[in-house]
Amino acid sequence: MSISGWIVMSISIGSVTTLFIWCLWKVLTTRGETEHMHGFEIDPKDLD
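For what it's worth, this note's numbering labels the leading residue of the sequence shown as 1109, then goes sequentially.
Given below as C-alpha cells:
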C-alpha cells in the first residue's frame, strides 16, 4: 500500500475510534438523563 493509502486509513480509523470513545464518554458520564427519557406506555385494554 502506498503512503497516501496509509494516511487515509489512519485518519479513517482514528476518526471512527475517536467518535466511538466520545459517544461512550457521553453515555457514561452524563448524569440525570433518566428524567429526560421519553417513551410510551402500552395500555392493553383487554386486560381490564
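Virtual Cβ for every residue (Gly too), placed ideally from N, Cα, C.
{"query": "Which residue marks the beginning of the alpha helix (DSSP H) containing Lys1134, and which one marks its end?", "result": "1111-1137"}
{"query": "For Asp1154, name the three-state secondary structure that DSSP assigns.", "result": "helix"}
{"query": "If you draw a straight line from the C-alpha of Leu1136 to the C-alpha of Thr1126, how long is it?", "result": "15 Å"}
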